[in-house]
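J.: Numbering (numbering that gives the first Met the number 0), first residue to last: 0 to 415.
The beta carbon of each residue, even a glycine, is placed where N, CA and C say it ideally should be.
For clarity, every value in this text was computed on a predicted model and none was experimentally measured.
This is the structure I have questions about; it appears just below.
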Amino acid sequence: MSLQQAPLEFFGHQYLRQILVLSILSHRQVIIKNIRSQEQNPGLTDFEMSLLKLLEKVTNGCQVNINKTGTRLIFRPGMIDCNEGMPIEHSCHLGRNITYYLEVVIPIVIFGKTVLNMTLTGNTDDNIDQSIDSFKSTWTHLIKQFGVPDGSLDIQVKKRGYAPLGGGIVQVMQRYAKKLESVSMVDEGKVKRIRGLLTSAKVSPQLTTRVVDKLREVFNDYIPDVWIHTDHYKKGQCGDQPGYAISLVAETTTGMIFTKDFNYNSQDYKLPEDLGQRAALALLDEIFSGGAVDSSNQCFALLLMALASSDNISSLKIGRITQQSIAMLRHIKQFFNVQFKITECDDEVYSSDSEEEDAKENEDSQMNESESEKSESEQSEKQTKNKEEKDIPTFPKTFIFSCIGVGLTNISRKAE
């Protein structure tokens, strides 16, 4: 890819981050028009402006041109030099979580020139983006699947900061990689353990105990190996906003993980038990949807597949595909001309059709053996049985996404 190619044009703000990531990785200039042009507050938001400023710090030679109304953006990517390994400090806008920015930075600095040493301040937990704890669990696992050495990504929460006041401090160290290996993530396995981290600051520890009790009450009906760690931050270790949040991780027998997190706020949760129950049910629903990656990280897994080695086919099993993932597939086609083959899984374990067919066969055999016995009691039993069959849950369909990556190689990295 080259900057000499004609710039790509996009409309709207919905997938701004995806476009910026792909623009930097492909070295392709982009023009984004009609950014909230029909809304009451047109143009780029404060947190989007903050993201662009961060990208200017991470890359060298990046050019950002915005018109007066903020509804038109011309982005010319630069080289990913990570400030030549020097420390980067950035104050994230409190409109979004710190992970909103990391989801853009981490994929590009994998192909950086030097090691990233970055400190971000802002929200570590909110109800819009992934919490920093869930992000750490998922991304360290995800990039490891693509051959990035273990320990390349190090995220440390120096100070906890809940929305909306923030005050959190996160230090990120990311080592560059030469290239990404192709993957085969098609067997999600069965959940063998559930782990959780419940953080709190400036609230009574009894509140977190009530959340943990509710989590165990729900999970113990499904799996015995459940462990929830509580971490209470004292004064000086957190921002000004009191609160508590939960990050849950389910690990399967094949090493896949599913995450879910929630941050307490008085508008959505009247009691701590409400937060615990909602978080537990949300994780169970994530597991129920199937696939080898959770919904929060589908699009990033697809992105890494498109960048991976072209020697072998990369495959990924996905359950309920998100709108973000659909948009990512389209953008990958535009920037890298990589197309995915989508195949529906034919797995009896995830379908209730076979159970219904077996039930019908049993009914037919019973009717052949005793055709003369059709009393009212038998008819009522049949109606009851049909009712029970209707109550059998329909499992979501799963799909295999396959592609041959472009084999993007990090040619800018420093020689070792």
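Short check: CB of M327 to CB of L302, under 8 Å?
T.: Yes, the Cβ-Cβ distance between M327 and L302 is below 8 Å.
J.: Am I right that V171 and L93 are in contact with their C-beta atoms under 8 Å? What's the rounded C-beta distance?
T.: With 8 Å as the limit, V171 and L93 do not qualify as a contact, their Cβ atoms being about 18 Å apart.
J.: Mapping the DSSP letters down to three states, classify C81 as helix, strand or coil.
T.: In the structure shown, C81 sits in a helix (DSSP, three-state: H, G or I).
J.: Excluding the five sequence neighbours on either side, which residues of its own chain have a C-beta within less than 7 Å of the C-beta of I341, listed in chain order?
T.: Taken in chain order, the residues that qualify are F398, F400.
J.: When the distance is taken between beta carbons, is G146 closer than 8 Å to E180?
T.: In this structure, G146 lies closer than 8 Å to E180 by Cβ.
J.: For the candidate residues L214, G238, M255, whose alpha-carbon lies nearest to that of S246?
T.: Taking only the C-alpha atoms, the option nearest S246 is L214.
J.: Would you check if there are 3 or more beta carbon pairs closer than 8 Å linking the segment 78-86 to the segment 150-158?
T.: Taking 8 Å as the limit for Cβ pairs, the verdict is that the segment 150-158 does not touch the segment 78-86.
J.: Ordered along the chain, which non-local residues of its own chain (more than five positions away) have a Cβ less than 8 Å from that of I222?
T.: Hits under 8 Å: V190, K191, R192, I193.
J.: Just curious, the beta strand (DSSP E) that L115 is in, first and last residue?
T.: Segment 115-121, the beta strand (DSSP E) holding L115.
J.: Exposed or buried, which one is N66 when buried takes at least 16 other CB atoms within 10 Å?
T.: It counts as exposed.
J.: Taking DSSP's pairing of strands, which residues face R159 in a bridge?
T.: The partner list for R159 (beta bridge, DSSP) reads C237.
J.: Would you mind stating whether T123 and S130 have Cβ atoms separated by less than 8 Å?
T.: Contact flag set, yes.
J.: Are N126 and N262 touching if we call contact CB-CB under 8 Å?
T.: Yes, Cβ-Cβ distance for N126 and N262 is below 8 Å.
J.: Is it buried or exposed, E370, if we count other Cβ atoms within 10 angstroms and call 16 or more buried?
T.: With a pLDDT of only 49 at E370, under the threshold of 50, the placement of this residue in the model should not be trusted; the figure read from the coordinates follows. Exposed is the call here.
J.: Where DSSP assigns a beta bridge to H228, which residues make up the other side?
T.: L196, per the DSSP bridge assignment.
J.: Closest by CA to N264, which one among V248, Y243, N96, A279?
T.: Nearest of V248, Y243, N96, A279 to N264, Cα basis: Y243.
J.: Under three-state DSSP, which class holds E360?
T.: Since pLDDT at E360 reaches only 48, below the 50 mark, its modelled position is unreliable, and no value is offered.
J.: Taking the continuous alpha helix (DSSP H) assigned at Q276, which residues delimit it?
T.: Run containing Q276: 271-287, per the alpha helix (DSSP H) assignment.
J.: Does the pairing of the segment 309-317 with the segment 272-279 give three or more beta-carbon distances under 8 Å?
T.: They do not touch, by the three-pair rule.
J.: When you compare each of S36, R27, N296 to T137 by their alpha carbons, which one comes out closest?
T.: Checked all of S36, R27, N296; the closest Cα to T137 is N296.
J.: Return the CA-CA distance between F339 and C402, expressed in angstroms with no decimal places.
T.: Distance between the alpha carbons of F339 and C402 is about 5 Å.
J.: Tell me whether L93 sits in a helix, a strand or coil according to DSSP, three-state version.
T.: The answer is coil: DSSP assigns L93 none of H, G, I, E or B.
J.: Here's the rule: buried if 16 or more other CB atoms are within 10 angstroms of the residue's CB, otherwise exposed. What is S90?
T.: Exposed, by the Cβ-count rule.
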